[in-house]
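J.: If you scroll down you'll find the structure; I have some questions about it.
Number of protein chains: 2
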Amino acid sequence: MKQFLKRRSFLQKASAVLGAMGISTLFTSNAKAEKPIDGKFVHVVFFWLKDPQNKEAKKTFESGLRSFIEGVDVIKSHHIGTPANTSRPVIDSSYSFCLIVTFDSKKEHDIYQEHSLHKKFIEDLSPLWEKVVVYDSIS
Amino acid sequence: MKQFLKRRSFLQKASAVLGAMGISTLFTSNAKAEKPIDGKFVHVVFFWLKDPQNKEAKKTFESGLRSFIEGVDVIKSHHIGTPANTSRPVIDSSYSFCLIVTFDSKKEHDIYQEHSLHKKFIEDLSPLWEKVVVYDSIS
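These protein sequence lines are chains A and B, in that order. Take 1 as the starting number for the first sequence in full-length UniProt numbering and just add one per residue. Take 1 as the starting number for the second sequence in full-length UniProt numbering and just add one per residue.
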């Protein structure tokens, strides 16, 4: 909270200084975009690996995922993670990897689906997983 | 792609100009943070409403969710959405609402869980849903 207020106050001052220089629009838009995740179309994927304890398989999967994601320009923002250390009856922590990629719209999502790197990722790494569940959400 | 390059080139120019003014750090960090979702701890929640076709219930739920999310300062970024228009065997589009909130770490997530607005949201709006599934992921 303190850090948040500090940052806010800093941004407000910086914004005022820059505003006086005539470049306020840049900063204003940055401050406003602080909370919503960038990209209205959110593609959430959970992967269950066949051998979730196999460190080599996990490493291969994660590096394949990272390099493919970095190569696709239509992606607005992304998250690659593993189950956090939380536990409640409603929490599903049985998956191996979580991938979230966001896009400006369904159009960019469709380009991603057909992208050669996406197809190559599925071809090369699908032998490692036994289950995939996808949720697509649009705001 | 074109738009991406345009934006990049604009940011590079803006960064150079601001750099000459001695405020380069702000812009450099913004440009680098373009792709990863802000917040390493990602809390993904799917809600299945009891009466998913009830427009009034959906409206009440969504506005309650939005106002609660906006009131919790530890949230780094968020997404509130409904199923996108996609369909493949691996896609689950049966849910009513998707909420994604991100935090800097598990510590902030735990504060969110105990936040009075979160508790009030559950107390007031849980009668509207029949199922909730949560995935917590950390990068």
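The beta-carbon is built from N, C-alpha and C at its ideal position, and this holds for glycine as well.
In the structure shown, what three-state DSSP assignment does residue 127(B) receive?
T.: Taking the first residue of the second sequence as 1, we reach residue 127(B) at position 127. If DSSP states are grouped into helix, strand and coil, residue 127(B) belongs with the helices.
J.: What residues in its chain sit with their C-beta under 8 Å from that of residue 84(B), if we drop five residues either side in the sequence?
T.: One-based indexing of the second sequence puts residue 84(B) at position 84. Around residue 84(B): 93.
J.: Could you give the distance in angstroms between the alpha-carbon of residue 120(B) and the alpha-carbon of residue 102(B)?
T.: The count along the second sequence starts at 1 and reaches residue 120(B) at position 120. The count along the second sequence starts at 1 and reaches residue 102(B) at position 102. Each residue's Cα considered, the two are about 20 Å apart.
J.: Going along the chain, which unbroken runs of the beta strand (DSSP E) with 3 or more residues stay wholly within the UniProt domain "Stress-response A/B barrel" (41 to 137) of chain A?
T.: Runs found: 41 to 49, 77 to 83 and 97 to 103.
J.: Run through DSSP, which three-state label would residue 139(B) get?
T.: Numbered from 1 along the second sequence, position 139 holds the residue referred to as residue 139(B). DSSP places residue 139(B) in coil when its eight states are reduced to three.
J.: Is the stretch 126 to 133 of chain B in contact with the stretch 43 to 52 of chain B, if contact means three or more CB pairs nearer than 8 Å?
T.: The answer is yes - the stretch 43 to 52 of chain B touches the stretch 126 to 133 of chain B, with three or more Cβ pairs under 8 Å.
J.: Output the distance between the C-alpha atoms of residue 55(A) and residue 82(A), rounded to the nearest integer angstrom.
T.: Locating residue 55(A) in the first sequence gives position 55, where the first residue counts as 1. Locating residue 82(A) in the first sequence gives position 82, where the first residue counts as 1. Answer to the nearest angstrom: the Cα atoms are 13 Å apart.
J.: Please list, in chain order, all residues of the same chain as residue 57(A) whose beta carbon is under 7 Å from its beta carbon, the five residues on each side excluded.
T.: The sequence position of residue 57(A) within the first sequence is 57, counting from 1. Correct list, in chain order: 49, 51 and 128.
J.: Look at residue 100(A) and residue 44(A) and say whether their C-beta atoms are less than 9 Å apart.
T.: Here residue 100(A) corresponds to residue number 100 of the first sequence, with the count starting at 1. Here residue 44(A) corresponds to residue number 44 of the first sequence, with the count starting at 1. In this structure, residue 44(A) lies closer than 9 Å to residue 100(A) by Cβ.
J.: Among 63(B), 68(B), 104(B) and 86(B), which has the Cα closest to the Cα of residue 38(B)?
T.: On the second sequence, position 38 is the one that residue 38(B) refers to. The shortest Cα separation from residue 38(B) among 63(B), 68(B), 104(B) and 86(B) belongs to 104(B).
J.: Using a C-beta cutoff of 9 Å, does residue 76(B) count as contacting chain A?
T.: Numbered from 1 along the second sequence, position 76 holds the residue referred to as residue 76(B). Interface residue, yes.
J.: From residue 41(B) to residue 35(A), what does the alpha carbon distance come to, in whole angstroms?
T.: Along the second sequence, read from residue 1 onward, the residue named residue 41(B) stands at position 41. Along the first sequence, read from residue 1 onward, the residue named residue 35(A) stands at position 35. Spanning the two alpha carbons is a distance of roughly 14 Å.
J.: Less than 9 Å separating the beta-carbons of residue 138(B) and residue 112(B)?
T.: Here residue 138(B) refers to the residue found at position 138 when the second sequence is read from its first residue. Here residue 112(B) refers to the residue found at position 112 when the second sequence is read from its first residue. No. Outside cutoff.
J.: Have a look at residue 67(B) and residue 88(A) and give me their C-alpha separation to the nearest angstrom.
T.: For the purposes of this step, residue 67(B) is taken as the residue at position 67 of the second sequence. For the purposes of this step, residue 88(A) is taken as the residue at position 88 of the first sequence. C-alpha separation (whole angstroms): 25 Å.
J.: Between 72(B), 53(B) and 65(B), which lies nearest to residue 123(B) when the distance is taken from Cα to Cα?
T.: Position 123 of the second sequence, counted from the first residue, corresponds to residue 123(B). Comparing Cα positions, the closest option is 65(B).
J.: The ligand PLP and residue 80(A): does any heavy atom of the ligand fall closer than 8 Å to the residue's C-beta?
T.: Although the ligand PLP was asked about, the structure shown includes no ligands whatsoever.
J.: Any residues in the stretch 42 to 69 of chain A with a beta carbon nearer than 7 Å to a beta carbon of chain B? Which ones, in chain order?
T.: Within the stretch 42 to 69 of chain A, the qualifying residues are 42, 44 and 46.
J.: Using 8 Å for Cβ pairs, my map puts residue 61(A) next to residue 125(A). What's the rounded Cβ distance?
T.: For the purposes of this step, residue 61(A) is taken as residue 61 along the first sequence, with counting starting at 1. For the purposes of this step, residue 125(A) is taken as residue 125 along the first sequence, with counting starting at 1. Their Cβ separation, rounded to whole angstroms, is 6 Å, which keeps residue 61(A) and residue 125(A) in contact under 8 Å.
J.: My assumption, with CB atoms under 8 Å, is that residue 86(A) sits in contact with residue 136(B). Please give the rounded CB distance.
T.: Locating residue 86(A) in the first sequence gives position 86, counting from the first residue. Locating residue 136(B) in the second sequence gives position 136, counting from the first residue. The Cβ separation is near 5 Å, so the contact holds.
J.: Give me the Cα-Cα distance between residue 53(B) and residue 98(B), rounded to the nearest whole angstrom.
T.: Residue numbering aside, residue 53(B) sits at position 53 when the second sequence is read from its first letter. Residue numbering aside, residue 98(B) sits at position 98 when the second sequence is read from its first letter. Spanning the two alpha carbons is a distance of roughly 16 Å.
J.: Would you report the Cα separation of residue 69(B) and residue 115(A), rounded to the nearest angstrom?
T.: Residue 69(B) sits at position 69 when you count from the first residue of the second sequence. Residue 115(A) sits at position 115 when you count from the first residue of the first sequence. Approximately 35 Å, taken between the alpha carbons.
J.: Nearest-angstrom Cα distance between residue 106(B) and residue 134(B)?
T.: Your numbering for residue 106(B) matches position 106 in the second sequence. Your numbering for residue 134(B) matches position 134 in the second sequence. Roughly 15 Å separates the two Cα atoms.
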